[in-house]
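Numbers 1 to 358, taken from UniProt numbering, label the letters of the sequence shown in order. Here is the structure we will look at.
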Amino acid sequence: MIQLIAFSAGLSFLFAIGEFLRTNASRQAKVQGLLFLFVAFFQTHTYLASTKLYQIYPHFYLVHLPFTASIGSLLKQYFSELWNENPDKNRFSIWELAPAVFVLILMFPFYLSSAETKITIHNSYLQNGVPLKFQLIILLAVLPIFYSAYYVFSHMVHYVRWESFKKSAHLRLVGLVVGFGALVSAIGVYTLFFHAKHGLEIVSFFLSCLIISIYLLRQKSPELWGEVQRIVIEEKKYQTSQLGSFNLEDLHNRLNFLMETKKVYLDETINLEKLAKHMSLSEHQLSEFLNSYVKKSFFHLVNHYRINEAKSLFANHPEKNILTIAYEVGFPSKSTFYDAFKREIGQSPSEYRKNLKK
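Have a look at this one:
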């Protein structure tokens, strides 16, 4: 177990260095680098405490605590990039850094104490457990992590629909990683207050598993973060749209029925208003549905179906002339048909018909 903890500490240091050395590193990359660095400090603390190397390096004892108290605010900042695209909204506030400052102030007398005092205190902790004063300081350092987990899950519930969460493996992975991190912190608090044997090693072991899992995830899915951001942006658009009360799959089915079965596009007078009435939508709702979810404007959609119908008529009714087919599929004129056909197919109707005969 100790070797695994040492390995994860080294891996976290490497992650941190990698983030800091990025060319034109983004703000998010810097926050990520700090997160890995502070986790490395905690894992190093566990390794030194478990191997009793603090007897040799006593002045390093508990220096990780102010950094641990900063992990929660860093996590919040990191995930804020998902919900707020405006960087000005994601700046650190004084209150977010307050736990780290308080921990530093409370620990300052201990940091200034002699090496002998630190060794004596460390040895007494190993035998008698952590005294109440230091338990409360450690709790203060850990509480922001619970807050960051609450922040992530509350925003996920606010911005992401349950059906999207179930469909997206990327979102489930984010939830799993954050939830596991909060669980590890909860185990740490329990072992701290109930003097569980090897509590620090147990927490660091689970943290090691989390770090290694993050490494494997980054190797397997380097696009993970970008994909999650894309989903959240889409979900935010959905919330501000006028289609929030509609089932999108049902709308797709209605549109397909109108276009493929009833073939409403054959009516040359069909327009956005008429199609919206067929689908029991307002014009604005239909326009949003077509542009945002079908990815076609009304005219592109109608012309797409008309041209597919024309291609079918070219193949099955070679005796019909081009103008007759243009009118049959709903185009008001030959010139409109030619322009739309060439844009969609890349060749004129006459060229297309000649190629069919070859």
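Backbone N, C-alpha and C fix where the C-beta goes; we use that ideal spot for every residue, glycine too.
Exercise. If we count the other Cβ atoms within 10 Å of its Cβ and call it buried at 16 or more, is Lys277 buried or exposed?
Worked result: Counting from one through the sequence shown, the residue named residue 277 turns up at place 277. Answer is exposed; the Cβ neighbour count stays below 16.
Problem set entry | Distance between beta carbons of Ala100 and Ala69, contact taken as under 8 Å | Here residue 69 is taken as the residue at index 69 of the sequence shown, counted from 1. Here residue 100 is taken as the residue at index 100 of the sequence shown, counted from 1. That pair is a contact at about 4 Å.
Exercise. Counting Cβ pairs closer than 8 Å, one from the segment 312–332 and one from the segment 260–277, do we hit at least three?
Worked result: Touching, yes, given that three or more Cβ pairs across the two stretches are closer than 8 Å.
Exercise. Beta carbon of Leu323, beta carbon of Lys311: below 8 Å?
Worked result: Counting from 1 along the sequence shown, the entry for residue 323 is found at position 323. Counting from 1 along the sequence shown, the entry for residue 311 is found at position 311. Not in contact: Leu323 and Lys311 (Cβ atoms no closer than 8 Å).
Exercise. Between the beta-carbon of Asp160 and the beta-carbon of Glu235, is there less than 8 Å?
Worked result: In the sequence shown, residue 160 corresponds to position 160, counting from 1. In the sequence shown, residue 235 corresponds to position 235, counting from 1. In the sequence as presented, Asp is not what sits at residue 160; that position holds Val. One thing to note: Val160 has its Cβ within 8 Å of the Cβ of Glu235.
For this session: Just mark Glu260 as buried or exposed, buried being the case when its beta carbon has 16 or more other beta carbons within 10 Å.
Result: On the sequence shown, position 260 is the one that residue 260 refers to. Its Cβ having fewer than 16 others within 10 Å, Glu260 is exposed.
For this session: Specify, as a first and last residue, the run of the alpha helix (DSSP H) that Gln28 falls within.
Result: What you label residue 28 is simply residue 28 of the sequence shown in a count that begins at 1. Where Gln28 is concerned, the enclosing alpha helix (DSSP H) stretches over Arg27 to Ser50.
For this session: Report buried or exposed for Pro109, applying the criterion of at least 16 other Cβ atoms within 10 angstroms of its Cβ.
Result: The residue labelled residue 109 in the question sits at position 109 within the sequence shown. Looking at its Cβ environment, which holds fewer than 16 other Cβ atoms inside 10 Å, Pro109 is exposed.
For this session: Inspect the beta-carbon positions of Glu309 and Leu243 and report whether they are closer than 8 Å.
Result: In the sequence shown, counting from the first residue as 1, residue 309 sits at position 309. In the sequence shown, counting from the first residue as 1, residue 243 sits at position 243. When the beta-carbon positions are compared, Glu309 and Leu243 stay at least 8 Å from each other.
Exercise. The alpha helix (DSSP H) with Lys133 in it runs from where to where?
Worked result: Taking the first residue of the sequence shown as 1, we reach residue 133 at position 133. Residues Leu132 to Tyr159.
Exercise. Going straight from the alpha carbon of Leu192 to that of Val177, what length do you get?
Worked result: If you number the sequence shown from 1, residue 192 lands on position 192. If you number the sequence shown from 1, residue 177 lands on position 177. Per the coordinates, the alpha-carbon of Leu192 lies some 23 Å from the alpha-carbon of Val177.
Problem set entry | Residue from Leu106, Leu97, Tyr147 and Leu139 with nearest C-alpha to residue 388 | With the chain running from 1 to 358 in the structure shown, residue 388 is simply not present.
Problem set entry | Rounded distance between the beta-carbons of Ser208 and Leu4, thought under 8 Å | Here the question's residue 4 lines up with position 4 in the sequence shown. Here the question's residue 208 lines up with position 208 in the sequence shown. Between Ser208 and Leu4 the Cβ distance is about 5 Å, and since that is below 8 Å, they are a contact.
Exercise. Considering only C-alpha positions, which residue in the set Asp250, Leu255, Lys118 and His155 is nearest to Phe60?
Worked result: Along the sequence shown, read from residue 1 onward, the residue named residue 60 stands at position 60. Comparing Cα-Cα distances from Phe60 to each of Asp250, Leu255, Lys118 and His155, the minimum goes to Lys118.
For this session: Starting from the Cα of Arg254, find the closest Cα among Arg27, Leu281 and Lys320 and give me that residue.
Result: The sequence position of residue 254 within the sequence shown is 254, counting from 1. For Arg254, the closest alpha carbon among the candidates Arg27, Leu281 and Lys320 is that of Leu281.
Exercise. Going along the chain, which residues of its own chain have a beta-carbon closer than 6 Å to the beta-carbon of Gly188, five neighbours each way excluded?
Worked result: Locating residue 188 in the sequence shown gives position 188, where the first residue counts as 1. Within the same chain, Val203 come within 6 Å of Gly188 by CB-CB distance, once the 5 residues on both sides are set aside.
Exercise. If you drop the 5 nearest sequence neighbours on each side, which residues of the same chain put their C-beta closer than 7 Å to that of Gln229?
Worked result: Here residue 229 refers to the residue found at position 229 when the sequence shown is read from its first residue. Closer than 7 Å at Cβ, skipping near neighbours: Leu82.
For this session: Starting from the N-terminal side, write out each stretch of the alpha helix (DSSP H) that is 4 residues or longer and does not extend beyond the segment 245–326.
Result: Qualifying alpha helix (DSSP H) stretches, in chain order: 248–256, 272–278, 283–289 and 298–316.
Exercise. Do you know whose CA, among Phe314, Phe337, Ser73 and Tyr338, lies nearest Leu97's CA?
Worked result: Position 97 of the sequence shown, counted from the start, is the residue given in the question as residue 97. Selected option, being the one with the closest Cα: Ser73.
Problem set entry | Given Gly181 as reference, the closest of Ile145, Ala141, Phe67 and Phe134 once Cα atoms are compared | Here residue 181 refers to the residue found at position 181 when the sequence shown is read from its first residue. Answer by Cα proximity: Ile145.
Exercise. Given that a residue counts as buried once 16 or more other Cβ atoms are within 10 Å of its Cβ, and exposed if not, what is Arg306?
Worked result: Numbered from 1 along the sequence shown, position 306 holds the residue referred to as residue 306. Arg306 is buried by the Cβ-count criterion.
Exercise. Of the choices Phe341, Leu248 and Thr51, whose alpha-carbon is the least far from that of Ala6?
Worked result: The sequence position of residue 6 within the sequence shown is 6, counting from 1. Checking every option, the nearest Cα to that of Ala6 belongs to Thr51.
For this session: Inspect the beta-carbon positions of Met1 and Glu227 and report whether they are closer than 8 Å.
Result: Taking the sequence shown and counting its residues from 1, the one referred to as residue 1 is at position 1. Taking the sequence shown and counting its residues from 1, the one referred to as residue 227 is at position 227. Their beta carbons are not under 8 Å apart, which means Met1 does not touch Glu227 by this criterion.
Exercise. With distances taken from CA atoms, which of Tyr125, Asn247 and Lys30 is nearest Tyr78?
Worked result: Walking along the sequence shown from the start, residue 78 turns up at place 78. Looking at the Cα atoms, Lys30 is the closest of the given residues.
Exercise. Should Leu173 and Leu217 be called a contact, given that it needs their Cβ atoms to be closer than 8 Å?
Worked result: Here residue 173 is taken as the residue at index 173 of the sequence shown, counted from 1. Here residue 217 is taken as the residue at index 217 of the sequence shown, counted from 1. Contact: yes.
Exercise. In this structure, does DSSP put Phe206 in helix, strand or coil?
Worked result: Within the sequence shown, the letter at position 206 stands for residue 206. In the three-state reduction of the DSSP assignment, Phe206 falls in the helix class.
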